[in-house]
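Numbering-wise, the sequence shown is residues 2 to 317 according to our numbering. For reference, the structure discussed in these notes is given below.
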Amino acid sequence: MRNKTEAFSLVKMYISPTGMKRILTLSITVLLVFTLGHLASSHFTTKAEKALIFGTSVLAVVCVFYFEKRIFGKNKTGETLPDNWQAFISEKNCYYRNLNQDDKETFKDKMSGFLNTTKITGIDTIVHPEDRLLIASFAVIPILKVDWNYQNLHEILLYPNSFDSDFNTSHFAGDSPEILGMVGEGSLENTMIISKPDLWRFSWDGASPHNVVIHECAHLIDKFDGQTDGDPILLFDAKTKKGWDLQVSKISEEMRRKETIIDPYALENNAEFFAVISEHFFMAPNSLAQHYPELYKLLKLMYGQDPKAILSSERH
Ligand SMILES: [Zn+2]
Numbered sequence: 002m003r004n005k006t007e008a009f010s011l012v013k014m015y016i017s018p019t020g021m022k023r024i025l026t027l028s029i030t031v032l033l034v035f036t037l038g039h040l041a042s043s044h045f046t047t048k049a050e051k052a053l054i055f056g057t058s059v060l061a062v063v064c065v066f067y068f069e070k071r072i073f074g075k076n077k078t079g080e081t082l083p084d085n086w087q088a089f090i091s092e093k094n095c096y097y098r099n100l101n102q103d104d105k106e107t108f109k110d111k112m113s114g115f116l117n118t119t120k121i122t123g124i125d126t127i128v129h130p131e132d133r134l135l136i137a138s139f140a141v142i143p144i145l146k147v148d149w150n151y152q153n154l155h156e157i158l159l160y161p162n163s164f165d166s167d168f169n170t171s172h173f174a175g176d177s178p179e180i181l182g183m184v185g186e187g188s189l190e191n192t193m194i195i196s197k198p199d200l201w202r203f204s205w206d207g208a209s210p211h212n213v214v215i216h217e218c219a220h221l222i223d224k225f226d227g228q229t230d231g232d233p234i235l236l237f238d239a240k241t242k243k244g245w246d247l248q249v250s251k252i253s254e255e256m257r258r259k260e261t262i263i264d265p266y267a268l269e270n271n272a273e274f275f276a277v278i279s280e281h282f283f284m285a286p287n288s289l290a291q292h293y294p295e296l297y298k299l300l301k302l303m304y305g306q307d308p309k310a311i312l313s314s315e316r317h
């Protein structure tokens, strides 16, 4: 436990829905092990025999904790990145390219952990190693300084195109909107869908604040507590929560009155506001910092990163 923030995020991890499941599983197993131990000890009379039963029970509980961590934990290592990963990511991902050496190491570990625990499946399309690397490298950006690795994501479905609300990719029904990516609910819980052409449509030119993976990952960060409501408690402390609520109402109100630099899709609801603003923060930090310095400062505290400084050597 290095500092207070780390302790806080650990507490928050255990109060999340996944954390609750972990606590429940552990409690039931510990209770079961000790009940069985107690029943068994009534058949033995000597101190040595009782000590043996007690020792076995403690060992069983330690094993349960160890394997529970392996089953539920997502910080597994083992995914071997292909030899060319660094050259490829340095070329495609401006963000990674400009990180300092320590952050590059963290980035690599998180990318590896992400790929090791997230299945990526192509639907009517082939998933190339470059697709996997690109997805992971974008997913890591928002959580680089957050002690968390998308425990609420198990699988990504890569679609051959954007899609409509019935998941049709070629023939949009009526005038239903085109969807580039989504975080699933219900039967698609813990699943993300990404349109492959839109995965590759990104630019750090300062004028295109869009990145479908970062957008959907922001929804997952928001959904840390089981609710996609634009209240990303994973990133909050008492001060930032208050500031965030204030900024959301102030900027939404301004956006309703006039055109701004922020994608109007942010007005859809508070969850979209958070996702759109997060995309903008990482992809076009200069314009956000210039037009909304207070919001930028707040996001810097929430994400623990300063994209404007990181991308400062890039020519826009
Ligand atoms: Zn969205």
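Note that beta-carbon positions come from the ideal geometry of N, C-alpha and C, so glycine has one too.
Please indicate yes or no: does the CB of residue i lie closer than 7 Å to some heavy atom of ligand 1?
i: E315; result: no
i: H292; result: no
i: A276; result: yes
i: H211; result: no
i: H220; result: yes
i: H281; result: no
i: E186; result: no
i: E273; result: yes
i: H216; result: yes
Going by C-alpha distance, which of the options is nearest residue i?
i: Y151; options: V184, T170, F164 and E179; result: V184
i: P143; options: T126, Y97 and S188; result: Y97
i: R202; options: N162, P233, E186 and I234; result: N162
i: W149; options: N101, Y160, T126 and T118; result: T118
i: E106; options: G123, E295, K146 and K243; result: K146
i: V59; options: Q87, K48, T30 and D84; result: T30
i: I136; options: Q228, F283 and C218; result: C218
i: P210; options: F282, G231 and T47; result: F282
If you draw a straight line from the alpha carbon of residue i to that of residue j, how long is it in whole angstroms?
i: T78; j: G114; result: Per-residue confidence for T78 stands at a pLDDT of 48, beneath the threshold of 50, marking its modelled position as unreliable; no derived number is given.
i: K259; j: P130; result: 43 Å
i: F225; j: D110; result: 21 Å
i: A272; j: E92; result: 31 Å
i: N76; j: E156; result: Note that N76 has pLDDT 45, beneath the 50 cutoff, so the model's placement of it is unreliable and no number is given.
i: S171; j: D132; result: 21 Å
i: I194; j: F45; result: 58 Å
i: Y304; j: L82; result: 26 Å
i: K298; j: T57; result: 54 Å
i: G123; j: S196; result: 10 Å
i: T126; j: L181; result: 15 Å
i: K243; j: L32; result: 41 Å
If I'm right that residue i touches residue j with Cβ under 8 Å, what's the distance once you round it to whole angstroms?
i: I215; j: S279; result: 6 Å
i: I222; j: L236; result: 7 Å
i: V277; j: I263; result: 7 Å
i: E179; j: D165; result: 7 Å
i: W205; j: L312; result: 6 Å
i: L247; j: M256; result: That belief does not hold up - the Cβ atoms of L247 and M256 are roughly 15 Å apart, past 8 Å.
Segments of 3+ residues assigned as beta strand (DSSP E) that fall wholly inside the segment 93-149: 120-123
Mind listing, in chain order, the continuous alpha helix (DSSP H) runs of no fewer than 4 residues lying wholly within the segment 219-300? 239-258, 271-284 and 286-292
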